[in-house]
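Notes follow the structure.
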Amino acid sequence: MELIQNAFEQGLVPGIVIVIYLIINKIIDNNKKDPLDDIAKLLNIVTKDIIDKDREKSKAVVSIAMVNAASECAKFVASTIITNNVDSNRDQIEYNARHLVNSVYYDAYSKLNMYRGDEDYLSHYMREEWKEDIYGDIINIIYNKHLDSNQRILAFNKRVDIRVSDYTAYIINKAFK
Numbered sequence: 563m564e565l566i567q568n569a570f571e572q573g574l575v576p577g578i579v580i581v582i583y584l585i586i587n588k589i590i591d592n593n594k595k596d597p598l599d600d601i602a603k604l605l606n607i608v609t610k611d612i613i614d615k616d617r618e619k620s621k622a623v624v625s626i627a628m629v630n631a632a633s634e635c636a637k638f639v640a641s642t643i644i645t646n647n648v649d650s651n652r653d654q655i656e657y658n659a660r661h662l663v664n665s666v667y668y669d670a671y672s673k674l675n676m677y678r679g680d681e682d683y684l685s686h687y688m689r690e691e692w693k694e695d696i697y698g699d700i701i702n703i704i705y706n707k708h709l710d711s712n713q714r715i716l717a718f719n720k721r722v723d724i725r726v727s728d729y730t731a732y733i734i735n736k737a738f739k
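Just remember that the working numbering sits 562 ahead of the position in the sequence shown, which is counted from 1.
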């Protein structure tokens with residue numbers, strides 16, 4: 563019996579030491595930061611920053627593409643009013659205006675097609691009826707007999723600026739909800 567009691571006493575102390583060691587080790591492991599968590603947090607921060615910069619770049623591209631299209635139309639209107647006899651060249655002016663509007667529309671479309679919004683390419687949010695709106699503005703202002711040349715040029719510039727602002731806001735609001 564004494565042998566069993568002696569063996570028990572000798573085994574109990576090392577067993578208690580091992581249990582205490584395991585408990586302390588477990589507490590230290592639980593309180594230690596996981597390096598994978600730190601890496602995941604860093605990746606989230608970097609990814610969010612990249613996405614935010616890409617969104618801002620895409621918004622700038624929308625604005626630049628639309629302003630460029632408006633500028634081309636404004637140059638056409640100004641040069642047409644200044645250099646052409648608009649009454650005798652009506653057919654040619656309408657033909658040129660139609661092709662210019664199509665050209666700048668699809669140029670902006672191709673530029674916006676290189677960038678994505680939240681769900682789709684930015685070009686997806688452009689509307690075909692915008693071509694007719696701009697074409698109508700060009701023809702109506704060039705042939706407005708109530709305004710002189712400078713007033714017609716200024717009127718078109720103001721109108722196209724308003725339309726471009728509307729179109730830009732529309733694309734940005736639809737693409738980035």
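Yeah, the Cβ is synthetic: ideal placement off N, Cα and C, and Gly gets one too. Values in this document were obtained by computation on a predicted structure and should not be read as measured data.
Remark: C-beta atoms of threonine 645 and isoleucine 655 do not approach each other more closely than 8 Å. The DSSP-derived three-state label of tyrosine 683 is strand.
For arginine 721, the number of other beta carbons within 10 angstroms of its own is at least 16, and it is reported as buried. The beta carbon of asparagine 658 lies closer than 8 Å to those of Phe638 and Thr642 in the same chain, with the five residues before and after it left out. Of the residues Asn706, Leu709, Asp682 and Ala670, the one whose Cα lies closest to the Cα of valine 726 is Ala670.
In this structure, DSSP gives arginine 689 a state outside helix and strand, which the three-state scheme calls coil. For isoleucine 734, the closest of Lys615, Lys610, Ile589 and Lys621 by C-alpha to C-alpha distance is Lys621. Using a 10 angstroms sphere on the CB of serine 650, the tally of other CB atoms stays under 16, which defines it as exposed. Per the coordinates, the alpha-carbon of lysine 707 lies some 30 Å from the alpha-carbon of arginine 689.
Boundaries of the alpha helix (DSSP H) around methionine 628: 597–645. If you draw a straight line from the Cα of tyrosine 687 to the Cα of aspartate 710, it comes to about 36 Å. With 16 or more other Cβ atoms from the protein chains shown falling within 10 Å of its own Cβ, serine 685 counts as buried.
A straight-line Cα-Cα distance of about 12 Å links isoleucine 696 and serine 633.
Annotation: asparagine 712 to aspartate 699 spans about 16 Å, alpha carbon to alpha carbon. Nearest C-alpha to valine 666 among Ala717, Val581 and Val629: Val629. Straight-line spacing of the CA atoms in lysine 739 and phenylalanine 718 works out to 31 Å. Of the residues assessed, valine 579 falls on the exposed side of the cut-off, its CB having fewer than 16 other CB atoms within 10 angstroms.
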